[in-house]
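Residue numbers (my numbering): 3 to 125.
In what follows, a structure is listed as C-alpha cells, so that the remarks can point back to it.
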Amino acid sequence: MLKKRLFILLQALALVVAGTVGTAQAAVISSAEHFGTAATHEASDQLQQAMASDAVQAKLVALGVDPADAQARIDALTIEEQQMLAERMDQMPAGGILGVLGVIFVVLLVLEIVGVTNIFNKL
3 MLKKRLFILL QALALVVAGT VGTAQAAVIS SAEHFGTAAT HEASDQLQQA
53 MASDAVQAKL VALGVDPADA QARIDALTIE EQQMLAERMD QMPAGGILGV
103 LGVIFVVLLV LEIVGVTNIF NKL
C-alpha cells in the first residue's frame with residue numbers, strides 16, 4: 003500500500019515538473035533587421051581596424067591618450083554611435099586641423115556671446 007502511494011506521488015510530481023517546462027519564444031524578423039545587424043558588425047570591424055593601425059596608435063600617444071582607454075571608450079559606444087562614427091570616418095579629413103580650429107572658434111564665439119569670456123573685444 004505504501005509503495006502504491008509513493009508511486010502515485012512520484013507520478014504526480016513528474017507530471018508537475020514536466021508541465022512547467024518553458025516554451026520557446028520566436029518571431030519573424032524583417033530583412034532590414036537582419037541586414038542592420040550585419041551593418042553593425044561591419045561598423046565595429048571598421049573601428050577595430052582603425053584602432054589597430056600604427057598611425058592611429060602613434061597619434062593617440064602623441065596626443066597623450068592611452069590607446070587602451072580609447073579602445074575602452076570605443077567598446078562602450080552604442081550600436082548607433084558606432085555606425086555614425088564609422089560613417090563619419092570616411093568623410094573626415096586626414097589632417098583634421100581645420101576642423102579642430104573651427105570647433106575652437108565656435109566654442110570661443112559661443113563663450114563670447116554668453117558673456118563668459120571677453121576675447122573678441124580685445125582684438
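Every residue gets a Cβ at the ideal spot worked out from N, C-alpha and C, and that includes glycine.
| Check | Outcome |
| --- | --- |
| By a C-beta neighbour count over all protein chains shown, 10 Å radius and 16 as the cutoff for buried, is Ala12 buried or exposed? | For the record, residue 12 in the displayed sequence is Leu; it is not Ala. With fewer than 16 Cβ atoms within 10 Å of its Cβ, Leu12 is classed as exposed. |
| Let me know if Ala57 comes out buried or exposed under the rule of 16 or more other beta-carbons within 10 Å of its beta-carbon. | exposed |
| Cα-Cα, which of Asp68, Val67, Ile76 and Ser32 is closest to Ala52? | Ile76 |
| Tell me the DSSP secondary structure of Gln66 in three-state form. | This sequence places Gly at residue 66; Gln is not what is there. DSSP places Gly66 in coil when its eight states are reduced to three. |
| Given this structure, state the Cα-to-Cα distance separating Ala20 from Leu4, to the nearest angstrom. | 24 angstroms |
| I'd like to know if the segment 106–114 and the segment 81–88 are in contact, where contact means that at least 3 CB-CB pairs between them fall below 8 angstroms. | no |
| Where do the N-terminal and C-terminal ends of the alpha helix (DSSP H) with Ile121 fall, by residue? | Looking at the DSSP string, Ile121 is not in any alpha helix (DSSP H), and its letter there is neither H nor E. |
| Expressed to the nearest angstrom, what Euclidean distance is found between the alpha-carbon atoms of Asp71 and Leu17? | 55 angstroms |
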